[in-house]
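Take a look at the structure below.
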Amino acid sequence: MFFDRKDLSNAQLLQLHRSLLYPRLIEEKMLILLRQGKISKWFSGIGQEAIAVGATMAMQQDEWIMPLHRNLGVFTTRQMPLRKLFKQWQGEQDGYSKGRERSFHFGSSDHYICGMISHLGPQLAVADGVALAYQLAEQNKAVLAFTGEGGTSEGDFHEALNIAAVWDLPVIFLVENNGYALSTPTNEQYRCVHLVDKAKGYGMEGVRIDGNNILAVYDTIKGVREYCITYQKPYLVECVTFRMRGHEEASGTHYVPSSLFELWQQKDPVNNFEQYLQEQEIITQEGLQAVRDEIKTQIEEELAAAEKEKSYFVIDTKLELDEVYYPHQQSEELLNVDENDASEKRFIDAIKEGLIQSMKEHEKLIIMGQDIAEYGGAFKVTEGLVNIFGKKRIRNTPICESGVVGAALGLALEGYKSVVEMQFADFVTMAFNQIVNNLAKIHYRWGQPADVVVRMPTGGGMGAGPFHSQSNEAWFAHVPGLKIVYPASPRDAKGLLIAAINDPNPVLFFEHKALYRSLTERVPNAFYEVEIGKARLVQSGEDVSIITYGMGVIWAQQYAEAHPEVDVEILDLRSLLPLDYDAIRNTTARTGRVLILHEDTLTGGIGAEIAAWIGEHCFNMLDAPVMRCASLDTPVPFNKALEKNFMAVARLEKCMDELLAY
């Protein structure tokens, strides 16, 4: 192995050695503790330390890194105390994730490390968002994102590299090619000769290096970082290495030919670098042993301190629930708006005004989506905004929903807000993982807010067929950490959108497409909020309650107008997560008869949850069983007559008759 020190001093070489040796000795100790049952799981990076250490040392301390579970060297090089890391690995309450995350699935904003999720690829797009934030703030910084050769097979890899290339972002994509994705060898993962060859397809530069050579890694990443910053371009680095242990200790290595271990043992990054240091007379064998002994002593002292500080794990259910969301209190000033200063606005105009006023209020707010700039979006909600705020803040995106939502999370790491427009709510399936596993869980996992709003044009009634008409809000209502709002009036649309943008938590904002140009009402001109989690009593009644939201509110009002003989109370939920249980209880108590109406299909819809809650908490208030009126349990059909039959409103009369007759 050839080491080129270039202009590195002896002191710098010795620092590289110490940084390289430290995670190796920690791992050797952890493997002993694993066998003793003192930690539960370990993903070993033995044999790959040069990549994590060299790359991290080449970055600035305040530049974000997105590591994986074999990158202990990232955490140690960023000077994270071993005693606290050890508490993390033991699942202790005073670890980095309060016992809520596994060994390396956590982050620390103080150390500019973004916690991974087990799906491997999504953190690459998060790096895009961080790089975009650097670019917008005109900071001379780059971001480093790790993945493995297996991760390059994921769609997230393609989306992240494509966005970085199209937007000219200073991202270093580092692939640790250790030959196996768990047990699957590279010849079953891809057919290109080298992974770095993929760089050309994205219009970016790339390089393939020896990942076991600490100097090669350090020098390459240092140079690539300078390139990314100077030219504002991404770069792909393939580091060739080998995993000397199993994917995790329990999985073993029986699927790897023994000859490979013999070959790669000769390429051990620690042994070879120590041999080089001795050959160059930078340190003696005795000196190496002294460093090793010193680090071992340090490790034992840190572990002893962690053990001494160990405290009884206190289960606090309220705290667990409270920390699902980043703390946020809506402003009383914004909730109390002057209703006299108002003008007639359509539903679509109210949303657009909410976006414009929010963009003016928040200089670090970015809007992203397909065709949203010059074209104005599929429904023209953002038409003209690019002329006001420019293309840096009103950003057309490639067709890669997962990558864009991931980038929105990356922007949040650097204190930016973002609104992502799904062209149709149906297309959100492509970003499902980013929303339910990254955005929703990140605050609970390691305290990082995800300041992202996803706008979701939703609903049917326009003959658009099964992929442009779905009501999919119930998919997300089961996910702790998300907030879901679904306005049914122009006034609520504007106020809830502003509230969603002001909220530092991830909010899914559903907009029924059929309401865009069909509803008009007086909407306050001011910058105001509507309270998230607070239902709206549309009209009072004594005979029956219709609990609904979105288009269901319009259907309920139409029914009430057509049946003046029935005293109907209509409750517009407005927020589906959190639900306003007080309002649900109150309307149930007033009428004793409840119909839950929604456009979504029946099975597993929001109505099922509300009906169950009423049955559990309000049973003694009921004069009849809670009924649900929903759309058919079929995909949304294209033919207008079939779609009309599909819709919940087709069964509203029958459901109400049955409920009133009970």
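Going by the UniProt record's numbering, the first residue of the sequence shown is number 1, and it counts up by one from there.
Beta carbons are placed, not taken as given, at the ideal position from N, Cα and C, and that holds for glycine.
These figures come from a predicted structure and were not determined experimentally.
> Out of curiosity, what's the CA-to-CA distance linking Val420 and Gly369?
Replying inline: Taking the sequence shown and counting its residues from 1, one reaches residue 420 at position 420. Taking the sequence shown and counting its residues from 1, one reaches residue 369 at position 369. Their backbone Cα atoms lie some 6 angstroms apart in a straight line.
>> Quick check on the burial criterion: 16 or more other C-beta atoms within 10 angstroms. Buried or exposed for Arg191?
In response: The residue labelled residue 191 in the question sits at position 191 within the sequence shown. Burial call: exposed.
> In this structure, does DSSP put Cys228 in helix, strand or coil?
Replying inline: One-based indexing of the sequence shown puts residue 228 at position 228. In this structure, Cys228 counts as helix in the three-state DSSP scheme.
> Assuming Val485 and Phe510 make a contact with CB atoms under 8 angstroms, what is their CB distance in whole Å?
Replying inline: By one-based count along the sequence shown, residue 485 stands at place 485. By one-based count along the sequence shown, residue 510 stands at place 510. Confirmed, Cβ separation roughly 7 angstroms.
>> With the cut-off set at 9 angstroms, would you say Asn272 and Val240 are in Cβ contact?
In response: Walking along the sequence shown from the start, residue 272 turns up at place 272. Walking along the sequence shown from the start, residue 240 turns up at place 240. It is not a contact, given that the beta carbons lie outside the stated cut-off.
> Between the C-alpha atoms of Asp341 and Arg102, what's the straight-line distance to the nearest angstrom?
Replying inline: On the sequence shown, residue 341 is found 341 positions in, with the first residue counted as 1. On the sequence shown, residue 102 is found 102 positions in, with the first residue counted as 1. In a straight line, the C-alpha of Asp341 is about 53 angstroms away from that of Arg102.
>> On the DSSP bridge list, what partners appear for Cys629?
In response: By 1-based counting over the sequence shown, the position of residue 629 is 629. The partner list for Cys629 (beta bridge, DSSP) reads Leu597.
> Using CA coordinates, which residue listed in Ala52, Met66, His111, Trp64 is at the minimum distance from Gln79?
Replying inline: Looking up residue 79 in the sequence shown gives position 79. The candidate whose alpha carbon is nearest that of Gln79 is His111.
> Looking only at DSSP bridge pairs, what is Lys345 linked to?
Replying inline: Walking along the sequence shown from the start, residue 345 turns up at place 345. In DSSP, Lys345 forms a bridge with Glu521.
>> Using CA atoms only, rank isn't needed, just tell me which of Gly201, Leu515, Glu28 is closest to Gly460.
In response: Start at 1 with the first residue of the sequence shown, and residue 460 comes out as number 460. Taking only the C-alpha atoms, the option nearest Gly460 is Leu515.
>> By the DSSP assignment, the alpha helix (DSSP H) with Pro23 in it spans what residues?
In response: Taking the sequence shown and counting its residues from 1, the one referred to as residue 23 is at position 23. Unbroken alpha helix (DSSP H) run through Pro23: 10-35.
> Should Ile348 be labelled buried (16 or more other beta-carbon atoms within 10 Å of its own) or exposed?
Replying inline: Taking the first residue of the sequence shown as position 1, residue 348 is located at position 348. Burial call: buried.
>> DSSP three-state label for Met621, please.
In response: Here residue 621 refers to the residue found at position 621 when the sequence shown is read from its first residue. If DSSP states are grouped into helix, strand and coil, Met621 belongs with the helices.
> Are Tyr326 and Pro449 closer than 9 angstroms when you measure CB to CB?
Replying inline: Position 326 of the sequence shown, counting from 1, holds the residue named residue 326. Position 449 of the sequence shown, counting from 1, holds the residue named residue 449. Contact: yes.
>> According to DSSP, simplified to helix, strand and coil, what is Tyr486?
In response: Position 486 of the sequence shown, counting from 1, holds the residue named residue 486. Three-state DSSP puts Tyr486 in coil, outside helix and strand.
> Can you tell me the Cα-Cα spacing of Leu85 and Arg245, whole angstroms?
Replying inline: Here residue 85 refers to the residue found at position 85 of the sequence shown. Here residue 245 refers to the residue found at position 245 of the sequence shown. Using only the alpha carbons, I get a separation of about 21 angstroms.
> DSSP on Arg141, reduced to helix/strand/coil?
Replying inline: In the sequence shown, the residue the question calls residue 141 occupies position 141. Reading off the sequence shown, one finds Lys at residue 141, where the question assumed Arg. In the structure shown, Lys141 sits in coil (DSSP, three-state: anything other than H, G, I, E or B).
> Roughly how many whole angstroms lie between the Cα atoms of Thr77 and Ile113?
Replying inline: Against the sequence shown, residue 77 aligns to sequence position 77. Against the sequence shown, residue 113 aligns to sequence position 113. When rounded, the distance between both Cα atoms is 11 angstroms.
>> Comparing C-alpha positions only, which one of Pro524, Arg628, Glu521 sits nearest to Gly552?
In response: Along the sequence shown, read from residue 1 onward, the residue named residue 552 stands at position 552. Gly552 has its Cα closest to that of Arg628, out of Pro524, Arg628, Glu521.
>> I'd like to confirm something about Glu569: is its beta-carbon nearer than 8 angstroms to some heavy atom of the ligand SAH, or not?
In response: Among the components of this structure there are no ligands whatsoever, and the ligand SAH is therefore not found.
>> Can you give me the C-alpha to C-alpha distance between Ser153 and Gln88, rounded to a whole angstrom?
In response: Sequence index remark: in the sequence shown, residue 153 carries index 153 (1-based). Sequence index remark: in the sequence shown, residue 88 carries index 88 (1-based). Taking the straight line from one Cα to the other gives about 30 angstroms.
> Taking DSSP as the reference, what is the three-state secondary structure of Ser259?
Replying inline: To locate residue 259, count along the sequence shown from 1; it is residue 259. It is helical.
> What separation, rounded to the nearest whole angstrom, lies between the Cα atoms of Glu339 and Ile501?
Replying inline: Numbered from its first residue, the sequence shown carries residue 339 at position 339. Numbered from its first residue, the sequence shown carries residue 501 at position 501. So the alpha carbons of these two residues sit roughly 21 angstroms apart.
>> Please report the straight-line C-alpha distance between Arg455 and Ile351, rounded to a whole angstrom.
In response: Taking the first residue of the sequence shown as 1, we reach residue 455 at position 455. Taking the first residue of the sequence shown as 1, we reach residue 351 at position 351. Cα to Cα, the separation comes out at about 10 angstroms.
>> Determine whether the beta carbon atoms of Lys483 and Val507 lie at a separation below 9 angstroms.
In response: Taking the first residue of the sequence shown as position 1, residue 483 is located at position 483. Taking the first residue of the sequence shown as position 1, residue 507 is located at position 507. Cβ atoms of Lys483 and Val507: closer than 9 angstroms.
>> My assumption, with CB atoms under 8 angstroms, is that Val175 sits in contact with Gly148. Please give the rounded CB distance.
In response: Against the sequence shown, residue 175 aligns to sequence position 175. Against the sequence shown, residue 148 aligns to sequence position 148. So it is a contact: roughly 7 angstroms between Cβ atoms.
>> Within 10 Å of its beta-carbon, does Glu374 have 16 or more other beta-carbons around it, so buried, or fewer, so exposed?
In response: One-based indexing of the sequence shown puts residue 374 at position 374. So Glu374 counts as exposed.
> Helix or strand or just coil, what does DSSP make of Pro269?
Replying inline: By one-based count along the sequence shown, residue 269 stands at place 269. Of the three classes helix, strand and coil, the one that applies to Pro269 here is helix, per DSSP.
>> Let me check one thing: in DSSP terms, what residues is Met368 bridge-paired to?
In response: If you number the sequence shown from 1, residue 368 lands on position 368. The partner list for Met368 (beta bridge, DSSP) reads Arg395, Val420.
>> Can you check which of these residues, Ile209, Ser259, Ile172, Thr184, is closest to Arg225 by C-alpha distance?
In response: As a working mapping, residue 225 is identified with position 225 in the sequence shown. Comparing Cα positions, the closest option is Ile172.
> How many angstroms separate the CA atom of residue 663 from the CA atom of Asp128?
Replying inline: The question about residue 663 has no answer here: the residues shown for the chain are numbered 1 through 662.
>> Could you check whether Val196 and Val143 sit closer than 9 angstroms to each other, using their CB atoms as the reference points?
In response: Along the sequence shown, one-based indexing puts residue 143 at 143. Along the sequence shown, one-based indexing puts residue 196 at 196. Their beta carbons are not under 9 angstroms apart, which means Val143 does not touch Val196 by this criterion.
>> Tell me the rounded alpha-carbon separation between Glu473 and Glu294.
In response: One-based indexing of the sequence shown puts residue 473 at position 473. One-based indexing of the sequence shown puts residue 294 at position 294. In a straight line, the C-alpha of Glu473 is about 57 angstroms away from that of Glu294.
> Straight-line CA distance for Thr601 to His617?
Replying inline: Against the sequence shown, residue 601 aligns to sequence position 601. Against the sequence shown, residue 617 aligns to sequence position 617. Thr601 and His617: Cα-Cα distance of roughly 25 angstroms.
> Are Gln423 and Pro398 closer than 9 angstroms when you measure CB to CB?
Replying inline: For the purposes of this step, residue 423 is taken as the residue at position 423 of the sequence shown. For the purposes of this step, residue 398 is taken as the residue at position 398 of the sequence shown. Cβ distance not < 9 angstroms, so Gln423 and Pro398 don't count as in contact.
> What does a CB cutoff of less than 7 angstroms around Arg208 pick up in its chain, not counting 5 residues either side in sequence?
Replying inline: In the sequence shown, residue 208 corresponds to position 208, counting from 1. Contacts found: His194, Val196, Glu238, Val240.
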